[in-house]
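Number of protein chains: 2
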Amino acid sequence: MQKEEIAHYFKNLQDAICSSLEGLDGKAKFQEDNWERPGGGGGRSRVIQGGDLIEKGGVNFSAVHGDAPERMLSALKLGGKQFFATGVSIVLHPASPMVPIIHMNVRYFEMSDGTMWFGGGIDLTPHYVVPEDAAFFHKTLKETCDRHNTDYYERFRKWADDYFYIRHRSETRGIGGIFFDRLAPGQPAGKPGSSELPGPDKEALFAFVKDVGETFVPVYSEIANRRRGDSFGEREKTWQMLRRGRYVEFNLVWDKGTKFGLDTDGRTESILMSLPPVANWEYAHTAEPGSREEATLSYLKKGIDWTKQ
Amino acid sequence: MQKEEIAHYFKNLQDAICSSLEGLDGKAKFQEDNWERPGGGGGRSRVIQGGDLIEKGGVNFSAVHGDAPERMLSALKLGGKQFFATGVSIVLHPASPMVPIIHMNVRYFEMSDGTMWFGGGIDLTPHYVVPEDAAFFHKTLKETCDRHNTDYYERFRKWADDYFYIRHRSETRGIGGIFFDRLAPGQPAGKPGSSELPGPDKEALFAFVKDVGETFVPVYSEIANRRRGDSFGEREKTWQMLRRGRYVEFNLVWDKGTKFGLDTDGRTESILMSLPPVANWEYAHTAEPGSREEATLSYLKKGIDWTKQ
Numbered sequence: 000m001q002k003e004e005i006a007h008y009f010k011n012l013q014d015a016i017c018s019s020l021e022g023l024d025g026k027a028k029f030q031e032d033n034w035e036r037p038g039g040g041g042g043r044s045r046v047i048q049g050g051d052l053i054e055k056g057g058v059n060f061s062a063v064h065g066d067a068p069e070r071m072l073s074a075l076k077l078g079g080k081q082f083f084a085t086g087v088s089i090v091l092h093p094a095s096p097m098v099p100i101i102h103m104n105v106r107y108f109e110m111s112d113g114t115m116w117f118g119g120g121i122d123l124t125p126h127y128v129v130p131e132d133a134a135f136f137h138k139t140l141k142e143t144c145d146r147h148n149t150d151y152y153e154r155f156r157k158w159a160d161d162y163f164y165i166r167h168r169s170e171t172r173g174i175g176g177i178f179f180d181r182l183a184p185g186q187p188a189g190k191p192g193s194s195e196l197p198g199p200d201k202e203a204l205f206a207f208v209k210d211v212g213e214t215f216v217p218v219y220s221e222i223a224n225r226r227r228g229d230s231f232g233e234r235e236k237t238w239q240m241l242r243r244g245r246y247v248e249f250n251l252v253w254d255k256g257t258k259f260g261l262d263t264d265g266r267t268e269s270i271l272m273s274l275p276p277v278a279n280w281e282y283a284h285t286a287e288p289g290s291r292e293e294a295t296l297s298y299l300k301k302g303i304d305w306t307k308q
Numbered sequence: 000m001q002k003e004e005i006a007h008y009f010k011n012l013q014d015a016i017c018s019s020l021e022g023l024d025g026k027a028k029f030q031e032d033n034w035e036r037p038g039g040g041g042g043r044s045r046v047i048q049g050g051d052l053i054e055k056g057g058v059n060f061s062a063v064h065g066d067a068p069e070r071m072l073s074a075l076k077l078g079g080k081q082f083f084a085t086g087v088s089i090v091l092h093p094a095s096p097m098v099p100i101i102h103m104n105v106r107y108f109e110m111s112d113g114t115m116w117f118g119g120g121i122d123l124t125p126h127y128v129v130p131e132d133a134a135f136f137h138k139t140l141k142e143t144c145d146r147h148n149t150d151y152y153e154r155f156r157k158w159a160d161d162y163f164y165i166r167h168r169s170e171t172r173g174i175g176g177i178f179f180d181r182l183a184p185g186q187p188a189g190k191p192g193s194s195e196l197p198g199p200d201k202e203a204l205f206a207f208v209k210d211v212g213e214t215f216v217p218v219y220s221e222i223a224n225r226r227r228g229d230s231f232g233e234r235e236k237t238w239q240m241l242r243r244g245r246y247v248e249f250n251l252v253w254d255k256g257t258k259f260g261l262d263t264d265g266r267t268e269s270i271l272m273s274l275p276p277v278a279n280w281e282y283a284h285t286a287e288p289g290s291r292e293e294a295t296l297s298y299l300k301k302g303i304d305w306t307k308q
């Protein structure tokens, strides 16, 4: 299939997700903002605010193209002259501290010299880790992966652990999920050393990426509905604001996608839709021994296989 | 003078500044946190919170040394094996949106191969720019500079404009101030092409850096006292929270000092003392035409010579 078809699918995916999220929220509606990129292409940013479930969320679609900026070529270590990039990117910050923050992204990139790849992933950042929800989340992602390649989940959950890592805090952003980048047709899709060659074709990769995109609503709806009725007080709100501060730290200091966007003069407001409405910082905050906050911190590390918990 | 003498001066400067700031605030007191660096040296972090004037502020002293980490050598493009670094770093977030955020830093760095330099600066980030205060601030800095070298102010205010620039927003962090780095003995201190050679000796540079450090309290006290009684409401608080969001964006995305600290495994809590207690993000916020918020944005650009306003 052609790049136009992929962009078309992503645009419809944005529609479907926004419609589902409005239903899930039950109160707030998305506001839409259409924008054009001076060098070519544009996007459709959608923001939801002040909802019953979602305090602030963004669902962004873009399909941009044109002369590849120098900074882009060097960041991606590419030759070629013209680029095309399309994707859907989502971050939801729920009002309740008992409901996790979620992030999803699916994307496709190609250069005029024929280089092309898919990337994406879903990861969850609970303010309070609930092991049964974490297990449900990862098992669902594993099922999605397994439908396409039984090596994917293991490989991509490790990739998520490594990617969503706040190095200066020595903690993961949340409980991870899956992350993948530069999945290209014909390349081995399995673990290093796997016998799977020459690897999936473009159709198969696109089918996988679609499946990831379509996993987002059901997996998040289930978890949000499990937790949205849970009671909380000032203590939990305070903790949520501090965890949001960590989310900001990850996104602005370590997230390669954010950095790439800002470095290559992407649309700032769309890139920074991922930031929470409010975040707090407190000097040297420590969790009380034996508390739920401390338990959560103990889960923010690499290498936990939630499908086996 | 030896490095120990410089560190000793900086430590006393921290004491003097904290004492003055407690007097200025009138309510809150600093909490102290002594810490050691595993590889050598340590610091004394002081935080003030919930004051009458200062909502959250940090005044950090450190003097660290040891084997230079690889990442440090490559970031600074240095040879040598052992490093020594000492400095005082301050950020104050006032409670009132009518009082500006301020940042000050003085620092000294040397390597075992004899390379050495001073760096530092003061810059002001008003939530609402008041031109007469901006002019007073810059004129005071110019007087400090002029006592040492009449080329300094012009050179260092431009450096501040370039350094404290939020590229992805196309705006300066605030109204600038002075910034300088790698001021080394014997190097020309004036503008490129200036006849001033071989440049100031180490004593002269240290005298300048001391003067910068000692300018901080009087210049900020004057501005804070001018504005702390000004009335404000919800509108101004909302704007303050959004401007604090921009402060976070600058510090986490662009500030080389923060990045250097986090990359070289500096003490995270001391480095991130610069972050505000609370910050907000709102999608595509725009200032009302003709408002004070819009006027403020019009001042957030490079090249304004406030000493001539």
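Protein chains in written order, with numbering that gives the first Met the number 0: chain D, 0 to 308; chain V, 0 to 308.
Glycine included, each C-beta is placed from N, C-alpha and C at the ideal position.
None of these values were measured; they are calculated from a predicted model.
Residues that residue i contacts on chain D, provided the C-beta gap is smaller than 8 Å
{"i": "V:M272", "result": "Y282"}
{"i": "V:L91", "result": "Those within 8 Å of V:L91 in chain D number zero; the least Cβ separation is about 13 Å."}
{"i": "V:L261", "result": "R166, H167 and V252"}
Per-residue contacts from residue i into chain V (C-beta, under 8 Å)
{"i": "D:R168", "result": "T267"}
Neighbour list for residue i in chain D, Cβ cutoff strictly below 9 Å
{"i": "V:G57", "result": "Y282"}
Contacts that residue i makes with chain V (C-beta to C-beta distance below 9 Å)
{"i": "D:V277", "result": "M240, V277, A278, N279 and W280"}
{"i": "D:D32", "result": "Y282 and A283"}
Residue i, buried or exposed, once every other Cβ within 10 Å from all chains shown has been counted against 16
{"i": "D:G120", "result": "buried"}
{"i": "V:G289", "result": "exposed"}
{"i": "V:R242", "result": "buried"}
{"i": "D:N11", "result": "exposed"}
{"i": "V:G192", "result": "For V:G192, the pLDDT reaches just 46, beneath the cut-off of 50, and the residue's location in the model is therefore unreliable, leaving the point undetermined."}
{"i": "V:M0", "result": "exposed"}
{"i": "D:Q13", "result": "buried"}
{"i": "V:G78", "result": "exposed"}
{"i": "V:D145", "result": "exposed"}
{"i": "D:R156", "result": "buried"}
Sub-8 Å separation of residue i and residue j beta-carbons
{"i": "D:D160", "j": "D:K301", "result": "yes"}
{"i": "V:E35", "j": "V:A94", "result": "no"}
{"i": "D:A6", "j": "D:A62", "result": "yes"}
{"i": "V:S210", "j": "V:T285", "result": "According to the sequence as given, residue 210 of chain V is Asp; it is not Ser. Contact: no."}
{"i": "D:D24", "j": "D:G118", "result": "no"}
{"i": "V:I222", "j": "V:P96", "result": "no"}
{"i": "D:Q239", "j": "D:H167", "result": "no"}
{"i": "V:E287", "j": "V:E281", "result": "no"}
{"i": "D:G176", "j": "D:D122", "result": "yes"}
{"i": "V:F163", "j": "V:T171", "result": "yes"}
{"i": "V:E109", "j": "V:K2", "result": "yes"}
{"i": "D:D17", "j": "D:F9", "result": "First, the amino acid is wrong: residue 17 of chain D is Cys here, not Asp. Going by C-beta atoms, D:C17 is not nearer than 8 Å to D:F9."}
{"i": "D:G198", "j": "D:G212", "result": "no"}
{"i": "D:G49", "j": "D:L91", "result": "no"}
Assigned secondary structure, residue i (DSSP; H/G/I helix, E/B strand, else coil)
{"i": "V:Q1", "result": "coil"}
{"i": "V:N148", "result": "coil"}
{"i": "D:G212", "result": "helix"}
{"i": "V:H126", "result": "coil"}
{"i": "D:F231", "result": "coil"}
{"i": "V:E35", "result": "strand"}
{"i": "D:G260", "result": "helix"}
{"i": "V:S273", "result": "helix"}
{"i": "V:M71", "result": "helix"}
{"i": "V:K55", "result": "strand"}
{"i": "V:V247", "result": "helix"}
{"i": "D:G192", "result": "Because the pLDDT of D:G192 is 46, which lies under 50, any placement of that residue in the model is unreliable, and the number read from its coordinates should be weighed accordingly. In the structure shown, D:G192 sits in coil (DSSP, three-state: anything other than H, G, I, E or B)."}
{"i": "D:H64", "result": "strand"}
Same chain only: Cβ atoms within 8 Å of residue i, ignoring 5 sequence neighbours per side
{"i": "D:T306", "result": "A134, H137, K138, K141 and Y152"}
Contact list for residue i against chain V, beta-carbon separation under 7 Å
{"i": "D:E248", "result": "L251"}
7 Å CB neighbourhood of residue i in its chain, flanking five on each side removed
{"i": "D:L274", "result": "V247 and N250"}
{"i": "D:A183", "result": "M115 and W116"}
{"i": "D:G244", "result": "A278, N279 and W280"}
Partners in chain D for residue i, counting only beta-carbon separations shorter than 7 Å
{"i": "V:V216", "result": "Simply none; closest approach about 22 Å."}
{"i": "V:V46", "result": "Y282"}
Spatial neighbours of residue i in its chain, beta-carbon cut-off 6 Å, leaving aside the 5 residues before and after
{"i": "V:S44", "result": "D32, N59 and S269"}
{"i": "D:L75", "result": "none"}
{"i": "V:V87", "result": "F9, L12, Q13, F60 and V105"}
{"i": "D:E207", "result": "Note that residue 207 of chain D corresponds to Phe in the displayed sequence, not to Glu. Only H147 meet the Cβ criterion."}
{"i": "V:M103", "result": "I89, I121 and F215"}
{"i": "V:R226", "result": "M97 and V98"}
{"i": "D:K201", "result": "P184"}
Residue i Cβ short of 7 Å to the ligand FAD heavy atom set
{"i": "D:D24", "result": "Looking at this structure, you won't find the ligand FAD or any other ligand, since it has none at all."}
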